[in-house]
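Accompanying notes for the structure given below.
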DNA sequence: ATTATAATTGATAAAAATTACCATGTGGGT
DNA sequence: ACCCACATGGTAATTTTTATCAATTATAAT
């Protein structure tokens, strides 16, 4: 009666996508992941990558992080943590700042929305871009 | 020597875009704003709206909020505040939770990035979507 | 094992959102 | 009134993502 196992079948392509995503701590976009996966599965289609990333995100196996920038990014670490994005190159890293659980309580009191979660995104300039900026002084 | 007034000329279209944005507390997307502005300036082009929203965001007159969802949104209130986005309809509202300035200090200690700022985005279900969900019980 | 049944894939097309391009128009300063 | 730089509107091109669908592959039933 109640829908049982949503049962996501672990196909070869899904497994490899998952493995490649778990390998890195950067937060690759779908097409970055596509390039990574293609080295092991040259015939895979970009659509398959998108489709499966979405499925896995829906089923909670991975995280789809919708931060600034033009592309969505994915993360194999599913427990809540915060991110920092470089304003220049767009790279996204994890940042080790304690998660503030009280925020959800505070938010619940401040709105009529039913709160599901929260996310903190820092903006900054990564060390690589800091260096490059000093390279060319006054533009 | 040092670049003087970046000097953004306040054209009619810019003024009206700004006025329309300031009128609402929702956080319209570029095309929503386009529709609003077109009522007063029927010949304006969508490109002009995009171009000027970007310019105004760069010069700090308005805020470009890059949250979840497929479209960027804009906000006439430039002092830092947090947002909540409906997971179902995608609507974005302000949420009145105190801004945590310490976060930036904490972040600075935890990363090699040069921190520029931070943003908190809550996810939830807005009251409208809560009601509609109860409407159709077991699908 | 063999067939039936359902889910998944790869390829391609389509959609959605944004940006780039460029000839024409506009306004401010002299 | 005449420059001149900037801005505009219209359109085309890009970028990112989603949809479609026939062919393939896996699972279940016999």
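Residue numbers (this note's numbering), protein chains in the order written: chain A, 31 to 169; chain B, 31 to 169. By construction, the Cβ of each residue, glycine as well, lies at the ideal position given by its N, Cα and C atoms.
Beta carbon proximity, residue 167 (chain A) to chain B, threshold 8 angstroms: Legend: pLDDT at residue 167 (chain A) = 49, less than 50; position of this residue unreliable, value from coordinates given subsequently. Answer no: the Cβ-Cβ gap between residue 167 (chain A) and chain B never drops below 8 angstroms.
Secondary structure of residue 151 (chain A), DSSP reduced to three states: Of the three classes helix, strand and coil, the one that applies to residue 151 (chain A) here is strand, per DSSP.
Residue 40 (chain A) burial status per 10 Å Cβ neighbour count (16 or more: buried): Counting the other Cβ atoms within 10 Å of the Cβ of residue 40 (chain A) gives fewer than 16, which makes it exposed.
Inter-residue spacing [alpha-carbon to alpha-carbon] between residue 160 (chain A) and residue 130 (chain A): The alpha-carbon atoms of residue 160 (chain A) and residue 130 (chain A) are separated by roughly 29 angstroms.
For residue 119 (chain B) and residue 21 (chain B), the rounded distance between their alpha carbons: There is no way to answer for residue 21 (chain B), as the model of chain B reaches only from 31 to 169.
Helix, strand or coil at residue 59 (chain B) according to DSSP, with G and I counted as helix: In the structure shown, residue 59 (chain B) sits in a strand (DSSP, three-state: E or B).
In DSSP terms, what residue 112 (chain B) is bridged to: According to DSSP, which records beta bridges pairwise, residue 112 (chain B) is partnered with B:125.
Proximity to residue 47 (chain A) [Cα-Cα], best of A:55, A:72 and A:79: For residue 47 (chain A), the closest alpha carbon among the candidates A:55, A:72 and A:79 is that of A:79.
Inter-residue Cα distance where the pair is residue 97 (chain B) and residue 44 (chain A): As the crow flies, the alpha-carbon of residue 97 (chain B) is around 27 angstroms from that of residue 44 (chain A).
Cβ shell of residue 125 (chain A) (< 7 angstroms), same chain only, five flanking positions each side left out: Contacts found: 112, 113, 114 and 152.
Limits of the beta strand (DSSP E) - the one that residue 53 (chain A) falls within: For residue 53 (chain A), there is no enclosing beta strand (DSSP E); the enclosing alpha helix (DSSP H) covers residues 42-53.
Minimum C-alpha distance to residue 147 (chain B) - residue among B:128, B:132, B:154 and B:54: Of the candidates B:128, B:132, B:154 and B:54, the one whose C-alpha sits nearest the C-alpha of residue 147 (chain B) is B:132.
Coil, strand or helix - residue 161 (chain A) by DSSP: Annotated three-state conformation of residue 161 (chain A) is helix, per DSSP.
Ranges of the alpha helix (DSSP H) found wholly within the stretch 59-101 of chain A, counting only runs of at least 4: List check, alpha helix (DSSP H) in window: 60-68 and 76-88.
Rounded straight-line distance, which links the Cα of residue 107 (chain B) to that of residue 85 (chain B): Counting only the Cα atoms, residue 107 (chain B) lies some 16 angstroms from residue 85 (chain B).
Within chain A, partners of residue 180 (chain B) - CB distance below 7 angstroms: With chain B running from 31 to 169 in the structure shown, residue 180 (chain B) is simply not present.
Same chain, Cβ closer than 8 angstroms to residue 52 (chain B), neighbours up to 5 away in sequence not counted: The beta carbon of residue 52 (chain B) sits closer than 8 angstroms to those of 106, all from its chain and outside the five residues before and after it, given in chain order.
Beta carbon proximity, residue 108 (chain A) to chain B, threshold 8 angstroms: Using beta-carbon distances, residue 108 (chain A) does not count as an interface residue toward chain B, since no partner is under 8 angstroms.
Beta-carbon neighbours of residue 156 (chain A), restricted to chain B and to distances below 7 angstroms: Those are 143, listed as they occur along chain B.
Contact list for residue 153 (chain B) against chain A, beta-carbon separation under 8 angstroms: 145, 146, 147, 148 and 149, listed in chain order.
Buried or exposed (CB count within 10 angstroms, at least 16 for buried), residue 137 (chain B): Only buried fits residue 137 (chain B), as 16 or more other CB atoms lie within 10 angstroms of its CB.
Closest residue to residue 140 (chain B) among A:141, A:143, A:142 and A:128 (Cα-Cα distance): Answer by Cα proximity: A:128.
Nearest residue (CA-CA) to residue 135 (chain A), options B:142, B:154 and B:143: Ranking B:142, B:154 and B:143 by Cα distance to residue 135 (chain A) puts B:154 first.
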